[in-house]
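One structure is given here, and the rest of the page talks about it.
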Amino acid sequence: MLVWLLQQYAPFFERLSGASTGDSRVFLTARMALAAMVSFLTAVICGPFAIRWLKSRFRERIDSASARLNELHAAKGNTPTMGGLFIVAAIVIAAVCCGDMSNRYLQQAMMVTIGFAVIGGIDDWIKISTRKRGVTARQKLTAQTILVLPICAWLYMVQLSQPQGLELIFPIGRQGVFIGVGFIAWAAFVIVGSSNGVNLTDGLDGLAGGCLVLAGSAFAVLTYLSGHRVMAEYLNMPHMVGAGELGVLFAAMVGAMLGFLWYNCHPAQVFMGDTGSLPTGALLGYGALVIRQEVLLVIIGGVFVIETLSVIAQVTSFRLTGKRILACSPLHNHFVLRGDPETRIVVRFWISSALLALLGVASLKFR
-10 MLVWLLQQYA
0 PFFERLSGAS
10 TGDSRVFLTA
20 RMALAAMVSF
30 LTAVICGPFA
40 IRWLKSRFRE
50 RIDSASARLN
60 ELHAAKGNTP
70 TMGGLFIVAA
80 IVIAAVCCGD
90 MSNRYLQQAM
100 MVTIGFAVIG
110 GIDDWIKIST
120 RKRGVTARQK
130 LTAQTILVLP
140 ICAWLYMVQL
150 SQPQGLELIF
160 PIGRQGVFIG
170 VGFIAWAAFV
180 IVGSSNGVNL
190 TDGLDGLAGG
200 CLVLAGSAFA
210 VLTYLSGHRV
220 MAEYLNMPHM
230 VGAGELGVLF
240 AAMVGAMLGF
250 LWYNCHPAQV
260 FMGDTGSLPT
270 GALLGYGALV
280 IRQEVLLVII
290 GGVFVIETLS
300 VIAQVTSFRL
310 TGKRILACSP
320 LHNHFVLRGD
330 PETRIVVRFW
340 ISSALLALLG
350 VASLKFR
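All residue numbers for the sequence shown refer to the numbering used here, where the first residue is -10 and numbers rise by one.
Next up, the structure:
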(Lines of atoms letter the chains of each structure in order from A and count residues from 1; the text may use other names and numbers.)
(Lines give C-alpha, C1' and ligand atoms only; values in the text may rest on other atoms or scores of the structure.)
Protein backbone atom coordinates (compact mmCIF):
# COMPACT_ATOMS: atom_id res chain seq x y z
CA MET A 1 0.00 0.00 0.00
CA LEU A 2 2.63 2.51 1.09
CA VAL A 3 4.98 1.27 -1.63
CA TRP A 4 2.31 1.92 -4.27
CA LEU A 5 1.75 5.46 -3.03
CA LEU A 6 5.46 6.20 -3.00
CA GLN A 7 5.83 4.81 -6.50
CA GLN A 8 3.19 7.20 -7.80
CA TYR A 9 5.35 10.09 -6.68
CA ALA A 10 8.66 8.48 -7.60
CA PRO A 11 9.91 11.40 -9.72
CA PHE A 12 9.33 13.80 -6.84
CA PHE A 13 11.12 11.59 -4.30
CA GLU A 14 13.83 10.24 -6.60
CA ARG A 15 16.46 12.76 -5.59
CA LEU A 16 15.73 12.14 -1.90
CA SER A 17 15.70 8.34 -2.05
CA GLY A 18 19.00 8.15 -3.95
CA ALA A 19 20.73 4.79 -3.75
CA SER A 20 20.95 4.64 0.03
CA THR A 21 18.40 1.84 0.28
CA GLY A 22 20.24 -0.53 -2.05
CA ASP A 23 17.91 -2.32 -4.45
CA SER A 24 14.80 -0.53 -3.15
CA ARG A 25 14.04 2.94 -4.43
CA VAL A 26 11.13 3.61 -2.09
CA PHE A 27 12.54 4.49 1.32
CA LEU A 28 13.27 1.04 2.70
CA THR A 29 14.79 2.35 5.93
CA ALA A 30 11.80 4.57 6.66
CA ARG A 31 9.37 1.78 5.81
CA MET A 32 11.16 -0.56 8.22
CA ALA A 33 10.80 1.97 11.02
CA LEU A 34 7.16 2.58 10.13
CA ALA A 35 6.44 -1.16 9.99
CA ALA A 36 7.85 -1.59 13.50
CA MET A 37 5.68 1.26 14.78
CA VAL A 38 2.54 0.07 13.01
CA SER A 39 2.88 -3.48 14.32
CA PHE A 40 3.70 -2.27 17.83
CA LEU A 41 0.67 0.02 17.98
CA THR A 42 -1.55 -2.67 16.46
CA ALA A 43 -0.48 -5.17 19.12
CA VAL A 44 -0.75 -2.70 22.01
CA ILE A 45 -4.12 -1.28 20.96
CA CYS A 46 -5.68 -4.62 20.01
CA GLY A 47 -4.09 -6.43 22.97
CA PRO A 48 -6.77 -5.75 25.62
CA PHE A 49 -9.61 -6.69 23.25
CA ALA A 50 -7.78 -9.81 22.09
CA ILE A 51 -6.95 -10.85 25.65
CA ARG A 52 -10.58 -10.53 26.75
CA TRP A 53 -11.71 -12.57 23.76
CA LEU A 54 -9.03 -15.22 24.30
CA LYS A 55 -9.79 -15.40 28.02
CA SER A 56 -13.37 -16.38 27.29
CA ARG A 57 -12.32 -19.17 24.94
CA PHE A 58 -8.67 -20.23 25.17
CA ARG A 59 -7.17 -20.62 28.64
CA GLU A 60 -3.84 -22.25 29.38
CA ARG A 61 -3.92 -25.70 30.94
CA ILE A 62 -0.89 -26.43 33.15
CA ASP A 63 -0.14 -30.03 32.27
CA SER A 64 3.54 -30.69 31.68
CA ALA A 65 5.28 -34.03 32.21
CA SER A 66 6.77 -32.73 35.49
CA ALA A 67 4.45 -32.74 38.51
CA ARG A 68 6.80 -30.38 40.35
CA LEU A 69 6.81 -27.93 37.44
CA ASN A 70 3.02 -28.07 37.29
CA GLU A 71 2.92 -27.18 40.97
CA LEU A 72 5.27 -24.21 40.52
CA HIS A 73 3.28 -22.90 37.55
CA ALA A 74 -0.16 -23.59 39.07
CA ALA A 75 -0.86 -19.87 39.46
CA LYS A 76 -0.61 -19.45 35.69
CA GLY A 77 -3.58 -21.73 35.11
CA ASN A 78 -6.44 -20.17 33.16
CA THR A 79 -4.22 -17.42 31.73
CA PRO A 80 -5.41 -16.86 28.15
CA THR A 81 -3.19 -18.38 25.50
CA MET A 82 -2.97 -18.23 21.69
CA GLY A 83 -1.75 -14.64 21.94
CA GLY A 84 0.16 -15.43 18.77
CA LEU A 85 -3.06 -14.58 16.95
CA PHE A 86 -2.62 -10.86 17.52
CA ILE A 87 1.16 -11.09 17.09
CA VAL A 88 0.76 -12.57 13.60
CA ALA A 89 -2.11 -10.18 12.81
CA ALA A 90 0.09 -7.20 13.72
CA ILE A 91 2.96 -8.54 11.57
CA VAL A 92 0.71 -9.14 8.56
CA ILE A 93 -1.00 -5.74 8.81
CA ALA A 94 2.32 -3.90 9.07
CA ALA A 95 3.84 -5.90 6.20
CA VAL A 96 0.88 -5.27 3.90
CA CYS A 97 0.87 -1.56 4.74
CA CYS A 98 4.63 -0.97 4.50
CA GLY A 99 6.07 -3.79 2.41
CA ASP A 100 6.37 -4.36 -1.31
CA MET A 101 4.02 -7.29 -1.77
CA SER A 102 5.33 -7.94 -5.28
CA ASN A 103 8.64 -9.03 -3.75
CA ARG A 104 8.97 -12.84 -3.96
CA TYR A 105 10.89 -13.13 -0.70
CA LEU A 106 8.21 -11.20 1.14
CA GLN A 107 5.48 -13.35 -0.41
CA GLN A 108 7.22 -16.54 0.66
CA ALA A 109 7.93 -15.24 4.16
CA MET A 110 4.27 -14.30 4.61
CA MET A 111 3.24 -17.80 3.52
CA VAL A 112 5.66 -19.32 6.04
CA THR A 113 4.44 -17.05 8.84
CA ILE A 114 0.73 -17.61 8.26
CA GLY A 115 1.11 -21.34 7.55
CA PHE A 116 3.05 -22.03 10.74
CA ALA A 117 0.57 -19.91 12.71
CA VAL A 118 -2.21 -22.20 11.49
CA ILE A 119 -0.28 -25.31 12.58
CA GLY A 120 0.43 -23.71 15.95
CA GLY A 121 -3.20 -22.70 16.33
CA ILE A 122 -4.37 -26.27 15.71
CA ASP A 123 -1.87 -27.55 18.27
CA ASP A 124 -3.02 -24.99 20.86
CA TRP A 125 -6.67 -25.78 20.15
CA ILE A 126 -6.12 -29.49 20.79
CA LYS A 127 -4.35 -28.72 24.09
CA ILE A 128 -7.20 -26.51 25.24
CA SER A 129 -10.20 -28.48 24.03
CA THR A 130 -9.00 -31.99 24.94
CA ARG A 131 -6.92 -33.69 27.62
CA LYS A 132 -4.11 -34.20 25.12
CA ARG A 133 -0.88 -32.19 25.17
CA GLY A 134 -1.42 -31.08 21.60
CA VAL A 135 -0.46 -32.98 18.48
CA THR A 136 2.39 -35.45 18.77
CA ALA A 137 5.92 -34.38 17.89
CA ARG A 138 5.83 -36.61 14.82
CA GLN A 139 2.53 -35.14 13.61
CA LYS A 140 3.78 -31.60 14.14
CA LEU A 141 7.05 -32.20 12.30
CA THR A 142 5.22 -33.91 9.44
CA ALA A 143 2.74 -31.05 9.05
CA GLN A 144 5.52 -28.46 9.16
CA THR A 145 7.58 -30.32 6.57
CA ILE A 146 4.65 -30.79 4.19
CA LEU A 147 3.84 -27.09 4.48
CA VAL A 148 7.35 -25.82 3.97
CA LEU A 149 8.69 -28.10 1.21
CA PRO A 150 6.82 -26.38 -1.67
CA ILE A 151 7.94 -22.98 -0.36
CA CYS A 152 11.53 -24.23 -0.13
CA ALA A 153 11.31 -25.48 -3.73
CA TRP A 154 10.08 -22.04 -4.78
CA LEU A 155 12.88 -20.39 -2.81
CA TYR A 156 15.36 -22.72 -4.56
CA MET A 157 14.14 -21.48 -7.94
CA VAL A 158 14.57 -17.87 -6.83
CA GLN A 159 18.03 -18.48 -5.39
CA LEU A 160 19.23 -20.04 -8.64
CA SER A 161 19.52 -16.55 -10.12
CA GLN A 162 21.44 -15.13 -7.16
CA PRO A 163 25.26 -15.27 -6.91
CA GLN A 164 26.07 -17.62 -4.01
CA GLY A 165 22.34 -18.19 -3.64
CA LEU A 166 22.81 -21.93 -3.14
CA GLU A 167 26.01 -21.88 -1.10
CA LEU A 168 26.39 -22.57 2.59
CA ILE A 169 28.49 -19.60 3.75
CA PHE A 170 30.80 -19.72 6.76
CA PRO A 171 31.18 -16.27 8.39
CA ILE A 172 34.89 -16.53 9.15
CA GLY A 173 36.85 -16.73 5.91
CA ARG A 174 33.63 -16.44 3.85
CA GLN A 175 34.14 -19.91 2.40
CA GLY A 176 31.09 -21.28 0.60
CA VAL A 177 29.99 -24.84 -0.09
CA PHE A 178 27.64 -25.32 -3.05
CA ILE A 179 24.69 -27.53 -2.04
CA GLY A 180 22.64 -27.38 -5.24
CA VAL A 181 19.24 -29.07 -5.20
CA GLY A 182 20.01 -30.29 -1.68
CA PHE A 183 19.12 -26.73 -0.70
CA ILE A 184 15.43 -27.70 -0.66
CA ALA A 185 15.83 -30.35 2.08
CA TRP A 186 18.34 -28.17 3.93
CA ALA A 187 15.96 -25.19 3.86
CA ALA A 188 13.10 -27.29 5.22
CA PHE A 189 15.35 -28.53 8.04
CA VAL A 190 16.45 -24.99 8.97
CA ILE A 191 12.94 -23.53 8.99
CA VAL A 192 11.38 -26.41 10.93
CA GLY A 193 14.30 -26.55 13.37
CA SER A 194 14.25 -22.82 14.02
CA SER A 195 10.49 -22.87 14.51
CA ASN A 196 10.61 -25.63 17.11
CA GLY A 197 13.63 -24.09 18.85
CA VAL A 198 11.63 -20.95 19.59
CA ASN A 199 8.66 -23.10 20.59
CA LEU A 200 10.75 -24.94 23.20
CA THR A 201 11.99 -21.61 24.61
CA ASP A 202 8.47 -20.31 25.16
CA GLY A 203 8.00 -21.47 28.74
CA LEU A 204 8.35 -18.45 31.04
CA ASP A 205 6.76 -15.00 31.04
CA GLY A 206 8.49 -12.88 28.41
CA LEU A 207 11.30 -15.35 27.78
CA ALA A 208 10.75 -16.22 24.11
CA GLY A 209 9.31 -12.78 23.33
CA GLY A 210 12.36 -10.89 24.59
CA CYS A 211 14.77 -13.21 22.80
CA LEU A 212 12.76 -12.84 19.59
CA VAL A 213 12.97 -9.05 19.79
CA LEU A 214 16.76 -9.26 19.92
CA ALA A 215 17.17 -11.96 17.27
CA GLY A 216 14.60 -10.29 15.03
CA SER A 217 16.39 -6.95 15.32
CA ALA A 218 19.64 -8.59 14.25
CA PHE A 219 18.00 -10.14 11.19
CA ALA A 220 16.27 -6.87 10.30
CA VAL A 221 19.77 -5.38 10.08
CA LEU A 222 21.25 -8.37 8.23
CA THR A 223 18.51 -8.55 5.59
CA TYR A 224 18.79 -4.81 5.01
CA LEU A 225 22.56 -5.08 4.55
CA SER A 226 22.29 -8.12 2.28
CA GLY A 227 19.88 -6.26 0.01
CA HIS A 228 22.19 -3.23 -0.17
CA ARG A 229 24.80 -3.76 -2.88
CA VAL A 230 27.37 -1.33 -1.47
CA MET A 231 27.05 -2.44 2.16
CA ALA A 232 27.04 -6.14 1.24
CA GLU A 233 30.21 -5.67 -0.78
CA TYR A 234 31.84 -3.69 2.03
CA LEU A 235 31.01 -6.37 4.59
CA ASN A 236 31.92 -9.18 2.18
CA MET A 237 28.51 -10.82 2.55
CA PRO A 238 26.35 -12.21 -0.27
CA HIS A 239 24.29 -9.51 -1.98
CA MET A 240 20.78 -10.86 -2.47
CA VAL A 241 18.72 -8.62 -4.71
CA GLY A 242 15.33 -8.09 -3.07
CA ALA A 243 16.35 -9.43 0.36
CA GLY A 244 16.22 -5.95 1.86
CA GLU A 245 12.43 -6.08 1.70
CA LEU A 246 12.51 -8.78 4.37
CA GLY A 247 13.83 -6.08 6.69
CA VAL A 248 10.30 -4.65 6.68
CA LEU A 249 8.88 -7.98 7.83
CA PHE A 250 11.50 -8.46 10.55
CA ALA A 251 10.95 -4.90 11.76
CA ALA A 252 7.22 -5.68 11.90
CA MET A 253 7.98 -8.82 13.91
CA VAL A 254 10.10 -6.84 16.38
CA GLY A 255 7.36 -4.23 16.80
CA ALA A 256 4.65 -6.85 17.23
CA MET A 257 6.73 -8.73 19.79
CA LEU A 258 7.38 -5.55 21.77
CA GLY A 259 3.64 -4.88 21.77
CA PHE A 260 3.00 -8.45 22.91
CA LEU A 261 5.59 -8.14 25.70
CA TRP A 262 3.55 -5.22 27.02
CA TYR A 263 1.08 -7.87 28.18
CA ASN A 264 3.34 -10.90 28.43
CA CYS A 265 5.84 -9.49 30.94
CA HIS A 266 5.72 -11.07 34.40
CA PRO A 267 3.06 -11.76 35.58
CA ALA A 268 1.80 -12.53 32.10
CA GLN A 269 -1.70 -11.49 31.07
CA VAL A 270 -1.48 -13.69 27.97
CA PHE A 271 0.74 -16.40 26.51
CA MET A 272 1.72 -16.57 22.84
CA GLY A 273 1.32 -20.33 22.57
CA ASP A 274 2.43 -22.32 19.55
CA THR A 275 0.35 -19.91 17.47
CA GLY A 276 3.04 -17.29 18.05
CA SER A 277 6.23 -19.23 18.68
CA LEU A 278 6.10 -21.50 15.61
CA PRO A 279 5.64 -18.77 12.95
CA THR A 280 8.15 -16.33 14.44
CA GLY A 281 10.77 -19.06 14.77
CA ALA A 282 10.10 -20.18 11.20
CA LEU A 283 10.51 -16.59 10.01
CA LEU A 284 13.99 -16.41 11.55
CA GLY A 285 14.98 -19.60 9.74
CA TYR A 286 13.58 -18.36 6.44
CA GLY A 287 15.42 -15.02 6.71
CA ALA A 288 18.72 -16.78 7.39
CA LEU A 289 18.24 -18.96 4.29
CA VAL A 290 17.54 -16.04 1.98
CA ILE A 291 20.70 -14.13 2.94
CA ARG A 292 22.74 -17.36 3.24
CA GLN A 293 23.56 -16.85 6.90
CA GLU A 294 22.40 -20.09 8.50
CA VAL A 295 25.61 -20.23 10.53
CA LEU A 296 24.88 -16.78 11.92
CA LEU A 297 21.39 -18.02 12.83
CA VAL A 298 23.03 -20.56 15.15
CA ILE A 299 24.92 -17.71 16.84
CA ILE A 300 22.18 -15.06 16.92
CA GLY A 301 19.56 -17.62 17.92
CA GLY A 302 21.97 -19.27 20.33
CA VAL A 303 19.45 -19.27 23.19
CA PHE A 304 16.98 -21.22 21.04
CA VAL A 305 19.74 -23.60 19.95
CA ILE A 306 20.86 -24.28 23.53
CA GLU A 307 17.27 -24.84 24.67
CA THR A 308 16.81 -27.38 21.86
CA LEU A 309 20.10 -29.12 22.58
CA SER A 310 19.19 -29.35 26.27
CA VAL A 311 16.07 -31.33 25.36
CA ILE A 312 18.00 -33.61 23.00
CA ALA A 313 20.71 -34.18 25.62
CA GLN A 314 18.14 -34.89 28.33
CA VAL A 315 16.24 -37.43 26.25
CA THR A 316 19.40 -39.09 24.94
CA SER A 317 20.94 -39.38 28.42
CA PHE A 318 17.79 -40.87 29.91
CA ARG A 319 17.39 -43.43 27.14
CA LEU A 320 21.03 -44.52 27.22
CA THR A 321 21.79 -44.40 30.94
CA GLY A 322 18.44 -44.01 32.68
CA LYS A 323 19.72 -40.78 34.24
CA ARG A 324 18.79 -37.16 33.57
CA ILE A 325 21.52 -34.54 33.23
CA LEU A 326 19.11 -31.69 34.05
CA ALA A 327 16.46 -31.36 36.71
CA CYS A 328 14.02 -30.68 33.87
CA SER A 329 14.29 -29.71 30.22
CA PRO A 330 14.29 -27.36 28.34
CA LEU A 331 17.12 -25.55 30.10
CA HIS A 332 15.02 -22.74 31.57
CA ASN A 333 12.96 -25.32 33.48
CA HIS A 334 16.16 -26.63 35.07
CA PHE A 335 16.70 -23.22 36.66
CA VAL A 336 13.05 -23.01 37.71
CA LEU A 337 13.30 -26.31 39.58
CA ARG A 338 16.60 -25.18 41.05
CA GLY A 339 14.70 -22.39 42.75
CA ASP A 340 15.81 -19.35 40.74
CA PRO A 341 13.18 -16.57 40.48
CA GLU A 342 11.45 -16.52 37.12
CA THR A 343 12.30 -12.88 36.42
CA ARG A 344 16.00 -13.53 37.06
CA ILE A 345 16.03 -16.46 34.64
CA VAL A 346 14.25 -14.44 31.95
CA VAL A 347 16.48 -11.37 32.22
CA ARG A 348 19.65 -13.48 32.13
CA PHE A 349 18.42 -15.26 29.01
CA TRP A 350 17.65 -11.85 27.47
CA ILE A 351 21.18 -10.68 28.26
CA SER A 352 22.60 -13.83 26.68
CA SER A 353 20.45 -13.30 23.61
CA ALA A 354 21.56 -9.66 23.30
CA LEU A 355 25.24 -10.62 23.49
CA LEU A 356 24.78 -13.38 20.91
CA ALA A 357 22.93 -11.01 18.56
CA LEU A 358 25.76 -8.48 18.83
CA LEU A 359 28.33 -11.20 18.26
CA GLY A 360 26.49 -12.46 15.20
CA VAL A 361 26.26 -9.04 13.55
CA ALA A 362 29.83 -8.13 14.55
CA SER A 363 31.14 -11.35 12.98
CA LEU A 364 30.42 -9.86 9.56
CA LYS A 365 33.71 -7.99 9.93
CA PHE A 366 35.69 -11.10 10.85
CA ARG A 367 38.05 -12.31 8.15
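Each residue gets a CB set at the ideal place from its N, CA and C atoms; glycine is no exception.
None of the values given here were measured: they were computed from a predicted structure.
If you look at E234, you'll find it isn't in any alpha helix (DSSP H); DSSP assigns it neither H nor E. Here the C-alpha atom of F75 lies approximately 27 Å from the C-alpha atom of L144.
Counting along the chain, the unbroken alpha helix (DSSP H) around V33 starts and ends at L17 to K44. Between T269 and M26, the alpha-carbon positions lie close to 18 Å from each other.
When C-beta atoms of the stretch 290 to 301 are compared with those of the stretch 332 to 342, three or more pairs fall below 8 Å, so the two segments count as touching. In this structure, T332 keeps its C-beta atom at 7 Å or more from the C-beta atom of G109.
In the three-state DSSP reduction, P330 falls in the coil class, being neither helix nor strand. Rounded to whole angstroms, the gap between the alpha carbons of V325 and V335 is 10 Å.
Shown here for L201: same chain residues with a beta carbon closer than 6 Å to its own, the five before and five after excluded, namely M246 and T269 in chain order. Annotation: G244 to K312 spans about 42 Å, alpha carbon to alpha carbon.
Scanning its chain for C-beta atoms nearer than 8 Å, with the 5 sequence neighbours on each side dropped, one finds around N253 the residues G72, D194, G195, G198, V259, F260 and M261, in chain order. The beta carbon of I173 is closer than 6 Å to those of C141, A142 and Y145 in its chain, skipping five residues each way along the sequence. Here DSSP, grouped into helix, strand and coil, assigns L74 to helix.
V237 places its beta carbon less than 7 Å from that of C87. Spanning the alpha carbons of H321 and A302 requires a straight line of approximately 14 Å.
Nearest C-alpha to V230 among Q97, T212, G169 and A204: T212.
In the structure shown, P268 falls within a helical segment according to DSSP collapsed to helix, strand and coil.
In the three-state reduction of the DSSP assignment, P69 falls in the strand class. The C-alpha of P152 lies about 20 Å from the C-alpha of Q97.
In the same chain as L250, and ignoring 5 residues on each side of it, the C-beta atoms closer than 8 Å to its own belong to G195, G198, G199 and V202, in chain order. Separation of T190 and A126 (C-alpha to C-alpha, rounded to the nearest whole angstrom) is 16 Å.
Our two residues, H217 and A351, have alpha carbons roughly 17 Å apart in a direct line.
Under the 10 Å beta carbon count, L345 is surrounded by 16 or more other beta carbons and is classified as buried. Linking T134 to L214 through their CA atoms gives a straight-line distance of about 29 Å.
For the alpha helix (DSSP H) assignment, the uninterrupted runs of no fewer than 4 residues enclosed by the stretch 91 to 144 are, from N- to C-terminal side, 93 to 118. Within the same chain, and ignoring the five residues on either side of E222 in sequence, the residues whose Cβ sits closer than 7 Å to its Cβ are H228. Of the candidates Q128, G169, R120 and G182, G182 places its Cα closest to the Cα of E296. Here V166 has E156 and L157 as same chain residues with Cβ atoms under 7 Å from its own Cβ, once five neighbours each way along the sequence are excluded. In this structure, DSSP gives V325 a helical state, which the three-state scheme calls helix. With respect to the C-alpha of L285, the residue from V210, A32, S150 and G104 having the closest C-alpha is V210. Annotated three-state conformation of G182 is helix, per DSSP. Beta-bridge partners of I158 (DSSP): G165. For the 7 Å CB-CB criterion, D112 and V124 form a contact. Rounded to whole angstroms, the gap between the alpha carbons of K121 and W114 is 10 Å.
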